[in-house]
Amino acid sequence: HLAGSVAAIEMVDNLIEHHPEDRFGKFFHDLRAEIHADQEKLRDLIQKVGAEESTIRKAGAWLAEKFGRAKFGDTGNGVELLQVVEGLALGITGKSLLWRSLEALAPNFPELQGSDFGQLEKRAQDQFGRVEDLRMELTREAFCS
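Throughout, my numbering is defined as the position within the sequence shown, counted from one, plus 87.
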């Protein structure tokens with residue numbers, strides 16, 4: 088999940104680069120800030136349980152995002168932008184499920200106690216809702232215009 092967050096931030100940074108002042112700019116800036124906060128929480132949890140971040144996985148996620156960027160081009164508009172937003176929606180769904188799983192495990196692991204996984208899951212669900220709204224808007228524009 089940490090590697091996925093690295094890729095997500097790279098994807099969102101690319102979107103911000105291509106949409107700095109248009110109707111998507113603020114949306115992607117706000118989403119990036121939330122993904123970064125979730126990433127920091129995950130790093131904190133990894134440290135608390137005594138695990139280590141996988142440099143190889145993070146590098147792999149970074150490379151996957153770079154290859155995806157080449158595939159999707161500049162994500163300026165249309166179907167390419169829709170595909171990137173769909174990828175973000177999938178990642179956010181996975182994050183929501185991670186928080187739910189950790190909440191179920193927390194009673195058995197003192198290192199996980201004290202984290203409000205329910206609130207983290209709710210934030211992920213809110214993120215998904217906003218991304219899903221954008222995805223549907225982009226779908227209509229890409230295929231109904």
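Ideal Cβ placement from N, Cα and C applies to all residues, glycine included.
Verify whether the separation of the beta carbon atoms of residue i and residue j is less than 9 Å.
i           : j           : result
residue 130 : residue 100 : no
residue 98  : residue 171 : yes
residue 132 : residue 198 : yes
How is residue i classed by DSSP in three states: helix, strand or coil?
i           : result
residue 109 : coil
residue 206 : helix
residue 88  : coil
residue 212 : helix
residue 93  : helix
residue 126 : helix
residue 229 : helix
residue 200 : coil
With a threshold of 9 Å between beta-carbons, can residue i be considered close to chain C, or not?
i           : result
residue 214 : Going by chain labels, chain C is absent from the structure shown, which holds only one protein chain.
Under the rule that 16 or more other beta-carbon atoms within 10 Å means buried, what is residue i, buried or exposed?
i           : result
residue 125 : buried
residue 157 : In this predicted model, residue 157 has a pLDDT of only 40, less than 50, meaning its place in the structure is not dependable; the value taken from the coordinates is given anyway. By the 10 Å Cβ count, residue 157 comes out exposed.
residue 223 : exposed
residue 208 : buried
residue 138 : exposed
residue 196 : exposed
residue 168 : buried
residue 230 : exposed
residue 177 : exposed
Using a Cβ-based criterion (distance less than 8 Å to any ligand heavy atom), does residue i qualify as near the ligand FAD?
i          : result
residue 98 : The ligand FAD is absent from the structure shown, which contains no ligands of any kind.
- Message: Taking contact to mean 3 or more Cβ pairs, one atom from each stretch, closer than 8 Å, check whether the segment 212–224 and the segment 111–118 are in contact.
- Response: By the C-beta criterion, the segment 212–224 is judged to be in contact with the segment 111–118, since at least 3 inter-stretch pairs fall below 8 Å.
- the segment 180–189 touching the segment 197–216, judged by at least three CB pairs closer than 8 Å: Verdict: yes, contact present.
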